[in-house]
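Heads up: the protein sequence lines correspond to chains A and B, in order. FYI, in this note's numbering the residues of the first sequence are 107 to 148. FYI, in this note's numbering the residues of the second sequence are 151 to 483. Note that the Cβ used here is the ideal one computed from N, Cα and C, for glycine as well. Notes to accompany the following structure.
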Amino acid sequence: CLVMIPLTKVKSVRESLREKGLLKNFLKEHPYNMIQFRLMKN
Amino acid sequence: SSYVRKFASHPLRNYLDLAYMGNISIGTPPQQFSVVFDTGSSDLWVPSIYCKSKACVTHRSFNPSHSSTFHDWGKSITLEYGSGEMSGFLGHDTVRIGQLTSTDQAFGLSKEEISRTFEHAIFDGILGLAYPSLAIKGTTIIIDNLKKQDQISEPVFAFYLSTNKEEGSVVMFGGVDKKYYKGDLKWVPLSKPHYWQIALDRITWRGEVIGCPRGCQAIMDTGTSLLIGPSKAVAKIHSLINAAYVKEEYVVPCNARKALPDIVFTINNVNYPVPPRAYVQEDASNNLCYSGFDGIMDTLSESDSWILGDVFLRVYFTVFDQGQNRIGLAPAV
């Protein structure tokens, strides 16, 4: 009855932006991550 | 549309750090998607062909007219997240996850994705595995449908998140394969069946309490890559591990990983040490090491809560037992 689904570890958006040198600006433009945003909404 | 569309709003999550994904298919004949299996949300959604946003055109899109089993729900949805917004509509269709088939499964189809984050994401959509109370109202979550349709004997799933290898990670449905963990599973009752939320006793460093001093709550979340906590506690941890704030991130000397101690999370009177090789992450692209901790602004949260993401889940194989509202933890192999 056990069904196994393989998962692939991929580069996160953070790693991808960091590699392209875009992360610093991105974090400045989007100061809140989702967890903060959700707490604000709630 | 002639439908009087009802509006549902549902917050999404921190996409910046998602890192594990798997394949599913939707429709007849099946259309393939890569999704994040996310225990921090409860909805399934993928981009649709009606979406012209940059984030959509760079990902696979669902075409309802190519599926003989698709039905429009007649309901608009908006999914909100930290750096943007996705809007679309609800449909239902056959969803296949490996050998499992969920017929008449509700899912979201995006029509607009206003997000630079999505443009850089490798996955197409999200498959949520938290409780129904977190899902869009009126929909049945995947795990409930799989159980109802006798696809799985028990509403149980478990994650093994591999450490370094791109491959080897797995999510298993309907039971647990013992080859992925050492020793016995330790069961922890949920505080509340909404998120996968448990009580955390304390966090210690060399025997000293550095977080959650009076007990607090923690969410086990495969959709968050880091360990997230109150900013004051995280600032203290960053000070202890000599993390420096560089270009909006906390950088740690890579060689410090050999000298730093474990950080111990005590859950249900059992210690779960997280070693420095887990909470200090090396980025091979620039040979720098980054903190595996991130802080939540205290002003946004009255309670002391933590989110135990992939950093913790790579160290501990985790069983999510929805039938008995509990979580099982054991050291991963």
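Thinking C-alpha only, which one of N405(B), L279(B), Y400(B), D254(B) is nearest T178(B)?
For the purposes of this step, residue 178(B) is taken as the residue at position 28 of the second sequence. The residue from N405(B), L279(B), Y400(B), D254(B) with its alpha-carbon nearest to that of T178(B) is D254(B).
Taking only beta-carbon atoms, is T267(B) less than 9 angstroms away from chain A?
Position 117 of the second sequence, counted from the first residue, corresponds to residue 267(B). With 9 angstroms as the cut-off, T267(B) counts as an interface residue toward chain A.
Could one say the Cβ of N295(B) lies closer than 9 angstroms to chain A's Cβ atoms, at least one of them?
What you label residue 295(B) is simply residue 145 of the second sequence in a count that begins at 1. N295(B) does not count as touching chain A.
Along chain A, in chain order, which residues have C-beta atoms closer than 9 angstroms to that of D327(B)?
Here residue 327(B) corresponds to residue number 177 of the second sequence, with the count starting at 1. Simply L108, M110.
P339(B), DSSP secondary structure in three states
Looking up residue 339(B) in the second sequence gives position 189. Assignment of P339(B) by DSSP, reduced to helix, strand and coil, places it in the strand class.
On the DSSP letters alone, give me the boundaries of the alpha helix (DSSP H) that N173(B) sits inside.
Sequence index remark: in the second sequence, residue 173(B) carries index 23 (1-based). That residue, N173(B), is in no alpha helix (DSSP H); its beta strand (DSSP E) goes 170–176.
Which parts of the region 318–367 of chain B are runs of the alpha helix (DSSP H), unbroken and 4 residues or longer, counting only runs that do not cross its ends?
Listed in chain order, nothing qualifies, since the region 318–367 of chain B has no complete alpha helix (DSSP H) run of 4 or more residues.
On the DSSP bridge assignment, give the partners of F212(B) in chain order.
Taking the first residue of the second sequence as position 1, residue 212(B) is located at position 62. According to DSSP, F212(B) bridges with S198(B).
Exposed or buried, which one is H216(B) when buried takes at least 16 other CB atoms within 10 Å?
Numbered from 1 along the second sequence, position 66 holds the residue referred to as residue 216(B). Classification of H216(B): exposed, given that the 10 Å Cβ count is below 16.
Comparing C-alpha positions only, which one of S381(B), S341(B), S312(B) sits nearest to F467(B)?
Locating residue 467(B) in the second sequence gives position 317, counting from the first residue. Closest option to F467(B), Cα to Cα, is S312(B).
Do you know how far the Cα of Q299(B) is from the Cα of A406(B)?
Position 256 of the second sequence, counted from the first residue, corresponds to residue 406(B). Position 149 of the second sequence, counted from the first residue, corresponds to residue 299(B). Annotation: A406(B) to Q299(B) spans about 51 angstroms, alpha carbon to alpha carbon.
Given F220(B), which residues of its chain have a CB within under 7 angstroms of its CB, disregarding the five upstream and five downstream residues?
Taking the first residue of the second sequence as position 1, residue 220(B) is located at position 70. Answer for F220(B): G177, P214, G241, D243, listed in chain order.
Assign E262(B) to one of two classes, buried (16 or more other C-beta atoms within 10 Å of its C-beta) or exposed (fewer than that).
Your numbering for residue 262(B) matches position 112 in the second sequence. Its Cβ being crowded by 16 or more others within 10 Å, E262(B) is buried.
Which residue wins for smallest C-alpha separation from I391(B), given the options R356(B), P363(B), T416(B)?
For this step, residue 391(B) is matched to residue 241 along the second sequence. Nearest of R356(B), P363(B), T416(B) to I391(B), Cα basis: R356(B).
Neighbour flag for A158(B) against chain A, beta carbons, 9 angstroms
Here residue 158(B) is taken as the residue at index 8 of the second sequence, counted from 1. The predicted position of A158(B) is uncertain, since its pLDDT is 40 and thus under 50; no value can be drawn from it.
Quick check on the DSSP output: what are the complete alpha helix (DSSP H) runs of length 4 or more inside the region 401–442 of chain B, in order along the chain?
Qualifying alpha helix (DSSP H) stretches, in chain order: 426–429.
Would you mind stating whether P481(B) and Y310(B) have Cβ atoms separated by less than 9 angstroms?
Walking along the second sequence from the start, residue 481(B) turns up at place 331. Walking along the second sequence from the start, residue 310(B) turns up at place 160. Their beta carbons are not under 9 angstroms apart, which means P481(B) does not touch Y310(B) by this criterion.
In whole angstroms, what separates the C-alpha of Y200(B) from that of C439(B)?
Mapped onto the second sequence, residue 200(B) falls at position 50. Mapped onto the second sequence, residue 439(B) falls at position 289. Going by the C-alpha atoms only, they are around 41 angstroms apart.
If we call anything under 9 angstroms between Cβ atoms a contact, is A368(B) one with I446(B)?
For the purposes of this step, residue 368(B) is taken as the residue at position 218 of the second sequence. For the purposes of this step, residue 446(B) is taken as the residue at position 296 of the second sequence. Contact: no.
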